[in-house]
Amino acid sequence: MTRPTRRRHVRRRTYALLGLAALACWFPLYWMFVVATTDTARATQLPPEIKPGGNFFHLAGLVFDTVPFVRSLINSLIVAGSIGVGQAVLCSLAGFAFAKLHFRGRNALFLVVVLTMTVPTQLAVIPQYMIISSLGWVDTLQALIVPGLASAFGIFWMRQYFTTTISDELLQAARIDGASTWQIFWRIAFPLVRPAAFVLGLFGFVTAWNDFLWPFIVLKSPDMYTVQIAIKALQNQYAVDLGLAMSGSFLATIPLLVLFVFVGRSMVAGIMDGAFKG
Amino acid sequence: MTTSLSPTLGRLPALSGSVGVRQRIVERIAPYAYIAPFFVVFGVFGLVPLLFTFYIALFDWNPIGEHTFIGLDNFTRLLHDDRFWNAAGNTLSIWVLSTVPQLLLALLLAHLLNHARLRFAVFFRMSMLVPYITSVAATAIVFAQLFDRDFGLLNWLLGHVGVGPIDFTQSRWGSYVLIAAMVMWRWFGYNTLLYLASLQAIPREVFEAAAVDGASGWQQFRHITVPSLRPIIVFTIVTSTIGGLQIFTEPLLLSRSAPLTCGPVRQCQTLTLFLYEQGFGQFQFGYGAAIGVALFVLVVVLALINYLLSTRIRREQR
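Heads up: the sequence lines are chains A and B, in that order. Using my numbering, you'd call the opening residue of the first sequence number 199 and step up by one each time. Using my numbering, you'd call the opening residue of the second sequence number 32 and step up by one each time.
Following this line, the structure appears as structure tokens:
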């Protein structure tokens, strides 16, 4: 008889804790905005200013004057966009082959794909740089795009999706009608897995947009910077103006926030889907 | 009748009828062509560099000068290098500080989010992913400001309860805490969603039956939630180990005066940052590669420990 009240009590505490966690997630972004809109004099005083100021456009203008920020936004868009689309298509193709086609060495090759996921390739940045250098790709965007196209996890994920959502009978029917393997993939199988490929591409996009170490190594000239490297360049001015790096950070985060408003639900679903099967 | 002609579509009939030789060849190589891009890209930018790391590590390798074979000298030097042990200690400390509380918090939040009649569930779940879409560079800059000694919000709040001010960038443990906080902020929500997905796979009746039998919330958590999440917990520990050993951007952006060493006395220089400093700051590719090999060994050792622990726990459960 005491259960209902006890349960309500627990639920109120649940909301309080979850609310606190949600606040912790949003607050640094809010704080970025506050400092990005406040002039240095007011940002360096106590108690700290906790409401946004009216300085946003002034600081944003300074960001655009200090580094080629528009250029770096475009660079980031090119890199992250190519990697997102490229991963979606290439991982679908490979996932389709591993899920639906029979060929010699299939299982062994798939095992290799899975094993590559456990290799921390970051520790090999020095030879990676040497290879990029011998290709003449230092300070180019393809140095970021091409290595980013391969995703073992993406192949693993798309293979699961092909296996569970597409029946062999459907493909058999197409085959009897005389469709080639490519036609079966492109006309029948791929359209059916497009939602999963889209989510995969989104994660590829976000990861590439936020990547730091590799662009930091291969990009040299400010015109080639991605937004993350532009933020680093702004940070060097940090002593001069506290709000400048913060304003750059905020400007670099806006595109992803906008994207997130539209596709955040699919991203959440994507993570939870992957966990189910993986 | 033509099954041997084109084996490409498994359990599916091959293309039959008027199919030319060229078409037949295309069909035969199609599966390999579909998986080839991955193997080419991974080979060129993943596997070859990895193997090459082991090779370069045996040389005194100057990128624009001489390459002299010196055998294992880089490794003996590394083992006697205080900076290496310092970086290894920093990396492991930051890894433990960021991973343990993070995964415990994720477990708790997933348990709370799994409530059947929770309102605003979509909002809570989406909020969990906001840190993930924020770049590490932006995170580092805003956290450095929040944790600032003179004007940071955190020290201002701590001042009200009579603590501090703490200079998070100058002291060793202060910078560990700051970096761990950034890592934790970025990943706790992501891991919460992973745990939540596994929790939702547990039939609700299991919890209801336990509640009818008088199990408290804590007992349900301890005896139902945690055991059924074991595979995904092992998975998140493995991924956070691989990620934790490669922490780079946070310490790099922490110290403006000495970014490559994360402060004047290397108080928060991680192994990856040390690798970068030696390779691209000092242009000692051979020595940098040796650090890469050491990182590789560390990853393998930690993975083995992880594997042994998880199989052992599983055996004891039986």
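Backbone N, C-alpha and C define an ideal beta-carbon position, used for all residues, glycine too.
Three-state secondary structure assigned by DSSP to A:W355:
Helix at A:W355.
Which full runs of the alpha helix (DSSP H) of 4+ residues lie inside the stretch 54-124 of chain B, going along the chain?
With a minimum length of 4 residues, the continuous alpha helix (DSSP H) runs that stay inside the stretch 54-124 of chain B are 79-87 and 104-110.
Taking all protein chains shown into account, decide if A:K418 is buried (16 or more other Cβ within 10 angstroms of its Cβ) or exposed.
Exposed is the call here.
Applying the 10 Å Cβ sphere with the 16-neighbour rule, what's the burial state of B:G77?
It counts as buried.
List the DSSP bridge partners of B:L224.
Residue pairing by DSSP places B:L224 opposite no residue, since no beta bridge is assigned to it.
So, with DSSP's three-state summary, where would you put B:L139?
In the structure shown, B:L139 sits in a helix (DSSP, three-state: H, G or I).
Under the three-state reduction of DSSP, which class applies to A:L299: helix, strand or coil?
Three-state result, A:L299: strand.
Is the beta carbon of B:F199 sitting closer than 8 Å to the one on B:L209?
At the C-beta level, B:F199 and B:L209 come within 8 Å of one another.
What residues in its chain sit with their C-beta under 7 Å from that of B:L82, if we drop five residues either side in the sequence?
Cβ within range, chain order: n/a, list empty.
For a contact defined as C-beta to C-beta under 7 Å, what are the partners of A:G462 on chain B?
Within 7 Å Cβ-Cβ: M157 and L160.
For A:W229, decide whether its Cβ has a neighbour in chain B, counting only Cβ atoms nearer than 8 Å.
The beta carbon of A:W229 sits closer than 8 Å to some beta carbon of chain B.
Whose C-beta lies closer than 8 Å to the C-beta of B:T170 among residues of the same chain, with five residues either side of it excluded?
In the same chain as B:T170, and ignoring 5 residues on each side of it, the C-beta atoms closer than 8 Å to its own belong to P162, M213, W216, R217 and E281, in chain order.
Taking the alpha-carbon positions, what's the B:L36 to A:F301 distance?
For B:L36, the predicted structure reports a pLDDT of 35, less than 50, and the residue's modelled location is therefore unreliable. A value from the coordinates is still provided. Distance between the alpha carbons of B:L36 and A:F301: 13 Å.
Using a C-beta to C-beta distance shorter than 8 Å, which residues of chain A count as neighbours of B:Y338?
Going along chain A, no residue has its Cβ under 8 Å from B:Y338, so there is no contact; the nearest lies around 11 Å.
Output, in chain order, the set of chain B residues within a Cβ distance shorter than 7 Å of A:N408.
What A:N408 touches in chain B: S166 and V167.
Report, in whole angstroms, the separation of the C-beta atoms of A:P223 and B:S158, which I expect to be a contact under 8 Å.
Residue 223 of chain A is actually Cys in this sequence, not Pro. Cβ atoms of A:C223 and B:S158 come within 8 Å of each other, at about 5 Å.
Which of the three DSSP states, helix, strand or coil, is assigned to B:S286?
Coil, per DSSP.
Would you kindly work out how many angstroms separate the C-alpha atoms of B:S286 and B:S206, rounded to a whole number?
Distance between the alpha carbons of B:S286 and B:S206 is about 10 Å.
Put B:H146 into one of helix, strand or coil per three-state DSSP.
In the three-state reduction of the DSSP assignment, B:H146 falls in the coil class.
Taking only beta-carbon atoms, is B:A118 less than 8 Å away from chain A?
For B:A118, not one C-beta of chain A is nearer than 8 Å to its own C-beta.
8 Å contact criterion, which A:V425 and A:S270 should meet: CB distance rounded:
Contact between A:V425 and A:S270 holds: CB atoms are separated by about 5 Å, below the 8 Å threshold.
Cβ neighbours of A:F448 in the same chain (closer than 7 Å, five flanking residues each side left out)
Cβ contact annotation for A:F448 (same chain, cutoff 7 Å, sequence separation greater than five): M230, F231 and A234, in chain order.
Could you say which of A:R209, A:G468, A:L307 and A:A292 lies nearest to B:R148 if we only look at CA atoms?
Residue A:R209 is the option with its Cα nearest to B:R148.
Give a yes or no on whether the C-beta atoms belonging to A:P250 and B:F174 are separated by under 8 Å.
Not closer than 8 Å, so no.
Nearest residue (CA-CA) to A:L299, options A:E247, A:L369 and A:V310:
For the set A:E247, A:L369 and A:V310, the Cα lying nearest the Cα of A:L299 is the one of A:L369.
Could you spell out where the alpha helix (DSSP H) holding A:W412 opens and where it closes?
In the DSSP assignment, A:W412 falls within the unbroken alpha helix (DSSP H) covering L411 to V416.
Looking only at its own chain, which residues have a Cβ that is under 8 Å from the Cβ of A:F388, when we skip the five neighbours before and after it?
Sequence-distant Cβ neighbours of A:F388 in its own chain, meaning closer than 8 Å and more than five residues away, are S290, F294 and A395.
Distance between B:I263 and A:T363 (C-alpha atoms, nearest Å)
Roughly 23 Å separates the two Cα atoms.
Assign B:S166 to one of two classes, buried (16 or more other C-beta atoms within 10 Å of its C-beta) or exposed (fewer than that).
Buried: at least 16 other Cβ atoms inside 10 Å.
Does A:M444 come within less than 8 Å of chain B when only Cβ atoms are used?
Taking Cβ atoms only, chain B reaches closer than 8 Å to A:M444, which makes this a yes.
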